[in-house]
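Chemist: The sequence shown begins at 1493 in the working numbering and counts up by one. Beta carbons are placed, not taken as given, at the ideal position from N, Cα and C, and that holds for glycine. Quick one: this structure, given as structure tokens, is what I'll be asking you about.
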Amino acid sequence: VQLQASGGGLVQAGGSLRLTCAVSGVSGINIMAWYRQAPGKLRELVASIARTGATNYGEFVKGRFACSRDNAENTMYLQMSSLKPEDTAVYYCRAIPDWGTTYWGQGTQVTVSS
């Protein structure tokens, strides 16, 4: 099983980035999610999306991010807009199949300059 996160980079405050998480080696993914971890802080939920398309966001998102997925391609996206310096973190994707085992990707760095 492999989760490949991509799309991170350096962007100025107010800019946008689109993250992609491609899952291979497993099917029947129920929940997919994005987490982030900044230096010295705990990992926190950014967004999650169920197979049905139902989404859930961290309170800090406040309408700036949109999470989507392509079930046929086992791929999840995170469109981030109005980025702030405090959004700087390593962003990880997570996949939870129907039987409950959880898989994590390796993370992609997002850096927002002021």
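From which residue to which residue does the beta strand (DSSP E) around S1605 run?
Modeler: Per DSSP, S1605 belongs to the beta strand (DSSP E) from 1600 to 1605.
Chemist: So, is N1566 buried or exposed, given that buried needs 16 or more other C-beta atoms within 10 angstroms?
Modeler: Buried: at least 16 other Cβ atoms inside 10 Å.
Chemist: Counting beta carbon pairs with one atom in the region 1579 to 1596 and one in the region 1508 to 1518, are three or more of them shorter than 8 Å?
Modeler: With the cut-off at 8 Å, the region 1508 to 1518 and the region 1579 to 1596 touch.
Chemist: Return the CA-CA distance between Y1595 and Y1569, expressed in angstroms with no decimal places.
Modeler: The alpha-carbon atoms of Y1595 and Y1569 are separated by roughly 16 Å.
Chemist: Across the region 1514 to 1522 and the region 1531 to 1541, are there enough close Cβ pairs to call them in contact, namely three or more that are closer than 8 Å?
Modeler: Contact between the region 1514 to 1522 and the region 1531 to 1541 is absent, because fewer than three Cβ pairs lie under 8 Å.
Chemist: Comparing the C-beta of A1587 with each C-beta of chain D, is any distance below 7 Å?
Modeler: Here there is only one protein chain, and chain D is not present.
Chemist: Once DSSP output is grouped into helix, strand and coil, what is the label at E1551?
Modeler: E1551: coil per DSSP, three-state reduction.
Chemist: Sorted by chain position, which residues of the same chain lie with C-beta nearer than 6 Å to S1560's C-beta, five sequence neighbours on each side aside?
Modeler: Same-chain partners within the cutoff: Y1569.
Chemist: I'd like the list of long-range same chain contacts for Q1684, defined as Cβ closer than 6 Å, with 5 residues on each side in sequence excluded.
Modeler: The structure shown does not extend to residue 1684, since the chain is modelled only from 1493 to 1606, so the question has no answer here.
Chemist: With a 10 Å radius around its C-beta and 16 neighbouring C-beta atoms as the bar for buried, classify A1564 as buried or exposed.
Modeler: By the neighbour-count rule (16 or more Cβ atoms within 10 Å), A1564 is not buried but exposed.
Chemist: Which of helix, strand or coil does DSSP assign to E1565?
Modeler: In this structure, E1565 counts as coil in the three-state DSSP scheme.
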